[in-house]
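Worksheet: one structure, shown below.
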Amino acid sequence: MKILVDTNVLIYSAKNRFDLFGELKHFGASDILIPKKVVEELEQLSKTANKGSDKKAAKLAIQIINYSELKLIKIDSGHTDDAIISYSKTNNNLVLTNDSELKKRLTAENIKVLTLSNNKKLITS
Numbered sequence: 000m001k002i003l004v005d006t007n008v009l010i011y012s013a014k015n016r017f018d019l020f021g022e023l024k025h026f027g028a029s030d031i032l033i034p035k036k037v038v039e040e041l042e043q044l045s046k047t048a049n050k051g052s053d054k055k056a057a058k059l060a061i062q063i064i065n066y067s068e069l070k071l072i073k074i075d076s077g078h079t080d081d082a083i084i085s086y087s088k089t090n091n092n093l094v095l096t097n098d099s100e101l102k103k104r105l106t107a108e109n110i111k112v113l114t115l116s117n118n119k120k121l122i123t124s
C-alpha cells in the first residue's frame, strides 16, 4: 500500500523521536511518499517557525527524509493540501495526516486517511 505523509506528522514524529517510517513499514506500507512540497514546507519551517522546537523538528525531519529510502514525489502547484488531494484522487494512496481540515477534505473525496494518535499508533479513518 502507498502512503503519502503530510508535514504535520513529520514534525510530530521528529519532536517525539518516533520512528514513523519503521512504523509505516510495519503497518504494511510498500511505498512511503513524501511530496517535494512537504519538504519545501519543512525547509521553510526550519527557518521561520515561531517555536524553536518546531524549527529543530523540521530540521530533523529533513535529515531523516534525506537518509531514508523514501519516494519523493512531485505534486501539483498551489496550496499543499490541494495538491495532496489532487494527487491522492488519481493515485489511490492513503494519506497520513493529523491536520483536521485536511482530514475532512480527504474524507469528503473518499480518500482513505491515517492519523497518528497521541500514543503513537496509526489509526485508519
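Heads up, the sequence shown is in numbering that gives the first Met the number 0, so the first residue is 0 and it goes up one at a time.
Glycine included, C-beta positions come from ideal geometry on N, C-alpha and C.
This one's a predicted model, so the numbers in the text were calculated from it and none came from an experiment.
- Separation of S12 and E42 (C-alpha to C-alpha, rounded to the nearest whole angstrom) is 16 Å.
- Cβ-Cβ separation between L121 and F26: approximately 5 Å, consistent with a contact (criterion under 8 Å).
- Per the coordinates, the alpha-carbon of A60 lies some 10 Å from the alpha-carbon of N7.
- For S45 against A57, the beta-carbon gap comes to about 4 Å, under 8 Å, which counts as contact.
- For L113, the uninterrupted beta strand (DSSP E) segment begins and ends at V112 to L115.
- Each residue's CA atom was taken as its position, placing V4 and K102 some 12 Å apart.
- Per the C-alpha coordinates, the member of A28, M0, V37 and N109 positioned closest to L9 is V37.
- Unbroken beta strand (DSSP E) stretches of 3 residues or longer found wholly inside the region 30-76: 30-34 and 70-72, given in chain order.
- In this structure, the alpha-carbon of D98 lies about 20 Å from that of A28.
- Rounded to whole angstroms, I84 and L32 show a C-alpha spacing of 13 Å.
- Look at T123 here: in three-state DSSP terms it is strand.
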